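What follows is a set of notes on a single structure, which appears directly below.
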């Protein structure tokens, strides 16, 4: 009684070939055969199927290594992904090729609290415009990141604290109907971590943390080269870890949470208090000028040398660093990348975070630990979102 | 130009078969063929090789499912592992079968600060005695856990804080020469986590934490079913995460580390102060009786209802729980198992740790999170050590 499940092993090899072409660029048949330790006949037949599916194409002869000449294979020009990054205050969209290189990108200010319909309509409009510009009929998949907890398997937001009206909204299905393609939804820090892994500083890091400091604070975790989501998909929710000597009451009901003492919201609150009390005349002027104070004005005041603003950023950075120091001891990452809106605070913030981590973690865990600002900026999210859906598309070639 | 790397795929299937027999018990040929989705011919030829290596054996006919009758395969009676768990104050050894069931076990009080020669001599003597008793000539492998950081690839301790004289000592090689078999060395919390995974409460948990509260505090991390060691092998070193409102100076030079305010050493220090100051007359009596105070006497005082001792344990448990709450938010595990000497403090400790975790973590991360005491006791370490070396032995059958 022979049992066989036809196609499983072959599908896996096809997925590996597509992923290899995505991450390492064009490969000759010989390179693929050697890399996967299978015969050239096997590679040839799988490439035949992938070519028929218009997923890969030959792009020319390989450099000769003696013997029969090999041809170089690349992902097909038809392979296009949409990546969407919804933030608390902006929406970005990109169209990428199969290797996730951004071919076109748009970013628009937009308050996520407007609710799902107008925000998603904006994201779809951006995407349609970019696809049209590039002459793409139908993307192969769309990935979406959004700033709140997500039920990954169902493609819906789950009680996102800063997104009123979004709870349970069928984000994935709305996008899927619009673009007639597979859609994957995840939270923003997870897709930004994937973006850093694909195109940023974290390319070769097996175990790293992407820490977003924006309106709130969150963390994407990559363990052994793969996104780590935890049991309920909420791993990395570090905004409510308690910090020492803080009595601030948090929106979650506890006192002393990291997010209650640092992040965009907390910084705006503290800056406003400093402006109104007269502790910082400069912040007072900026408030009078702009009618509001956010991290942007604090950044301006820091750049102008305002002592109160510098102190606010330092206090916040130190607390952030102390929480991260604990996570470094626990997780022993090889890299920490900082992203999100508050990275505009620049070196004052980075220096304080670094100082606290290096001071409070064990030497063994920090001796080779770079801590850096993301250099992908707003593109981390869209590239990561495209990567997320590429995993699904490449896993089941059709 | 066909390339082929003979044996790699076969070795992998052999490894998978051995691991399956270890974790799921005896399997019929049909079951193995279906489980691995390969033909019975392939399974048959791999089992033939494993039989020739005396790693597996037939143990009888399978129940009929119609068609040709299958035979049931088990790991061979010749497969025996040694598991050694070196603690701060004890050494344990066991001999297990291929499924890591403990066939014989010994535990002896022993101060690890005596240095490597006498402690390892004791461990090897225990192991030799157990092997002799069971009539085993030569074990197939030996695993060792010890209470300090380990260079896993070199099999040596690295600057272990509580183990003077052990730094760089060739523990693996000394054992390997003695028993003429592969030896693997890791830190104690990692092997205890593996023990829990294999034989304890964590069997089906993909992502869990094993937290040891002994002389010090450490954590073994299992992510996606596998031990997570981090970049430098020091992941889980949570004893130096800062706790709120503690000014205790730690041996590491910082103030407010978890280990400076809780764990066996901290508890003994606080109990001694309470005895000497007269704050706890009962602890004073126990000190006079035994000449010393450790967690054992505190446990006795807690059981007798001594308010000061109960308070010490509660304060410690709360701080422990607050640190774990942060790790729950970060890692989103599906289970936390507590082990180590201080679990003798029982429900007073467990209740306080649970309370702090449930209070301070986000609801989503704790709604299905059991927090329990290990029920393997001192056997977690030896079973985990045996499992650790079984991974290596089964990965390269020979």
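Chains as they are written, first to last, in our numbering: chain R, 696 to 1093; chain X, 696 to 1093.
Note that CB positions come from ideal geometry on N, CA and C, so glycine has one too.
Remember, it's a predicted structure, so these values are computed and weren't measured experimentally.
Taking the beta strand (DSSP E) that residue 880 of chain X belongs to, which residues open and close that run? Here residue 880 of chain X refers to the residue found at position 185 of the second chain. Element bounds for residue 880 of chain X: 878 to 882.
Any chain R beta carbon closer than 8 Å to residue 927 of chain X: Sequence index remark: in the second chain, residue 927 of chain X carries index 232 (1-based). Judged by the 8 Å Cβ criterion, residue 927 of chain X is in contact with chain R.
CA-to-CA distance, residue 1083 of chain X to residue 962 of chain X, given in whole angstroms: The residue you call residue 962 of chain X lines up with position 267 of the second chain. The residue you call residue 1083 of chain X lines up with position 388 of the second chain. If I take the Cα positions, the gap works out to 32 Å.
Pick from X/892, X/784, X/808 and X/802: whose alpha carbon is nearest that of residue 1030 of chain X? For the purposes of this step, residue 1030 of chain X is taken as the residue at position 335 of the second chain. Cα-wise, what sits closest to residue 1030 of chain X is X/892.
Report the residues of the region 1038 to 1061 of chain R with a CB closer than 7 Å to any CB of chain X, ordered along the chain. Those would be 1055, 1057, 1059 and 1060, in chain order.
Any C-beta of chain R sitting closer than 8 Å to the C-beta of residue 697 of chain X? Here residue 697 of chain X refers to the residue found at position 2 when the second chain is read from its first residue. Confidence at residue 697 of chain X is low in this model, with a pLDDT of 36, below 50, so the placement of that residue should be treated as unreliable; the coordinate-derived value is given next. For residue 697 of chain X, the answer is yes, since a Cβ of chain R falls inside 8 Å of its Cβ.
Does the pairing of the region 1057 to 1077 of chain X with the region 807 to 827 of chain X give three or more beta-carbon distances under 8 Å? Judged by pairs of C-beta atoms under 8 Å, the region 1057 to 1077 of chain X does not touch the region 807 to 827 of chain X, as fewer than three such pairs exist.
Those runs of the beta strand (DSSP E) which lie wholly inside the region 879 to 962 of chain X and span at least 3 residues: Within the region 879 to 962 of chain X, the complete beta strand (DSSP E) runs of at least 3 residues are 903 to 908 and 912 to 918.
Under 8 Å from the C-beta of residue 1025 of chain R: neighbouring residues of chain X: If you number the first chain from 1, residue 1025 of chain R lands on position 330. Around residue 1025 of chain R, the beta-carbon contacts reaching into chain X at under 8 Å are 914, 916, 930, 931, 932, 933, 936, 1022, 1025 and 1026.
Is any beta-carbon of chain X found at less than 8 Å from that of residue 759 of chain R? As a position in the first chain, residue 759 of chain R is number 64, starting the count at 1. For residue 759 of chain R, not one C-beta of chain X is nearer than 8 Å to its own C-beta.
Beta carbons nearer than 8 Å to chain R: which residues of the region 951 to 982 of chain X have them? Across the region 951 to 982 of chain X, CB contacts with chain R closer than 8 Å involve 951, in sequence order along the chain.
Report yes if the C-beta distance between residue 993 of chain X and residue 982 of chain X is below 8 Å; otherwise report no. Along the second chain, read from residue 1 onward, the residue named residue 993 of chain X stands at position 298. Along the second chain, read from residue 1 onward, the residue named residue 982 of chain X stands at position 287. Taking a C-beta distance under 8 Å as the contact criterion, residue 993 of chain X and residue 982 of chain X do not qualify as a contact pair.
Secondary structure at residue 698 of chain R, three-state DSSP: helix, strand or coil? One-based indexing of the first chain puts residue 698 of chain R at position 3. Model confidence at residue 698 of chain R stands at a pLDDT of 37, short of 50, so the residue's coordinates are unreliable and nothing is read from them.
Specify, as a first and last residue, the run of the alpha helix (DSSP H) that residue 985 of chain X falls within. Within the second chain, the letter at position 290 stands for residue 985 of chain X. Following the DSSP letters along the chain, one finds residue 985 of chain X inside the alpha helix (DSSP H) bounded by residues 976 to 985.
Suppose the cutoff is 7 Å on Cβ atoms and the five residues either side in sequence are ignored; what does the same chain contact list for residue 997 of chain R look like? Stepping through the first chain from its first residue, residue 997 of chain R is reached at position 302. 1004, 1005, 1008, 1040 and 1043.
6 Å Cβ shell around residue 708 of chain X - same chain, five flanking residues per side excluded: Position 13 of the second chain, counted from the start, is the residue given in the question as residue 708 of chain X. Within the same chain, Cβ atoms closer than 6 Å to the Cβ of residue 708 of chain X are found at 741, the five residues on either side in sequence being excluded.
When DSSP labels each residue in this structure, what does residue 988 of chain R get in the three-state scheme? Your numbering for residue 988 of chain R matches position 293 in the first chain. DSSP places residue 988 of chain R in coil when its eight states are reduced to three.
To which residues does DSSP link residue 852 of chain R through a beta bridge? Mapped onto the first chain, residue 852 of chain R falls at position 157. Answer by DSSP bridge pairing, in chain order: R/845.
Please classify residue 736 of chain X as buried or exposed, where buried requires at least 16 other C-beta atoms within 10 Å of its C-beta. Against the second chain, residue 736 of chain X aligns to sequence position 41. So residue 736 of chain X counts as exposed.
Look at the alpha carbon of residue 759 of chain R and the alpha carbon of residue 767 of chain R, and state the distance between them as a whole number of angstroms. The residue given as residue 759 of chain R occupies position 64 in the first chain. The residue given as residue 767 of chain R occupies position 72 in the first chain. If I take the Cα positions, the gap works out to 11 Å.
Note down the Cα distance separating residue 701 of chain R from residue 876 of chain X, rounded to an integer number of angstroms. Looking up residue 701 of chain R in the first chain gives position 6. Looking up residue 876 of chain X in the second chain gives position 181. Here the model assigns residue 701 of chain R a pLDDT of 38, short of 50, so the residue's position is not dependable and the matter cannot be decided.
Going by C-alpha distance, which of R/809, R/806 and R/856 is nearest residue 935 of chain R? Locating residue 935 of chain R in the first chain gives position 240, where the first residue counts as 1. With distances taken between Cα atoms, residue 935 of chain R lies closest to R/856.
From X/937, X/783 and X/995, pick the residue whose C-alpha is nearest to that of residue 956 of chain X; which is it? Here the question's residue 956 of chain X lines up with position 261 in the second chain. Closest by alpha carbon: X/937.
Should residue 902 of chain R be flagged as near chain X, meaning a C-beta pair shorter than 8 Å? Within the first chain, residue 902 of chain R is the residue found at index 207, counting from 1. So, interface residue.
Any chance the region 894 to 906 of chain X sits against the region 865 to 876 of chain X, with 3 or more Cβ pairs inside 8 Å? Segments in contact, no.
Taking the CB atoms as reference points, tell me whether residue 1022 of chain R and residue 1025 of chain X lie closer together than 8 Å. As a first step, residue 1022 of chain R is located in the first chain; it is residue number 327 there, counting from the start. As a first step, residue 1025 of chain X is located in the second chain; it is residue number 330 there, counting from the start. Cβ atoms of residue 1022 of chain R and residue 1025 of chain X: closer than 8 Å.
C-alpha distance - residue 923 of chain R paired with residue 813 of chain X, whole-angstrom precision: If you number the first chain from 1, residue 923 of chain R lands on position 228. If you number the second chain from 1, residue 813 of chain X lands on position 118. The alpha-carbon of residue 923 of chain R is positioned some 43 Å away from that of residue 813 of chain X.
Identify, in the order they occur along the chain, each residue of the same chain with its Cβ nearer than 8 Å to the Cβ of residue 1091 of chain X, setting aside the five sequence neighbours on each side. By 1-based counting over the second chain, the position of residue 1091 of chain X is 396. The answer, listed in chain order, is 706 and 710.
For residue 780 of chain R, which three-state DSSP category applies? Start at 1 with the first residue of the first chain, and residue 780 of chain R comes out as number 85. Three-state result, residue 780 of chain R: strand.
Find the residues of chain R that neighbour residue 949 of chain X, judging by a C-beta separation of less than 7 Å, and give them in chain order. Sequence index remark: in the second chain, residue 949 of chain X carries index 254 (1-based). Simply 1055.
Run the CB neighbour count on residue 713 of chain X, radius 10 Å, all protein chains shown included, and call it buried at 16 or more, exposed below. Sequence index remark: in the second chain, residue 713 of chain X carries index 18 (1-based). It is buried - the Cβ of residue 713 of chain X has at least 16 other Cβ atoms within 10 Å.
Less than 8 Å between the C-beta atoms of residue 861 of chain R and residue 931 of chain R, yes or no? Translated into positions along the first chain, residue 861 of chain R becomes position 166. Translated into positions along the first chain, residue 931 of chain R becomes position 236. No.
Comparing alpha-carbon positions, which option in X/794, X/796, X/795 and X/787 lies nearest residue 805 of chain X? Here residue 805 of chain X corresponds to residue number 110 of the second chain, with the count starting at 1. The shortest C-alpha separation from residue 805 of chain X is found at X/787.
Residue 719 of chain R beta carbon less than 8 Å from that of residue 1080 of chain R: As a first step, residue 1080 of chain R is located in the first chain; it is residue number 385 there, counting from the start. As a first step, residue 719 of chain R is located in the first chain; it is residue number 24 there, counting from the start. No, these two residues do not count as a Cβ contact at 8 Å.
Please state whether the Cβ-Cβ distance between residue 944 of chain R and residue 913 of chain R is less than 8 Å. Start at 1 with the first residue of the first chain, and residue 944 of chain R comes out as number 249. Start at 1 with the first residue of the first chain, and residue 913 of chain R comes out as number 218. Against a cut-off of 8 Å, the Cβ pair of residue 913 of chain R and residue 944 of chain R comes out as no contact.
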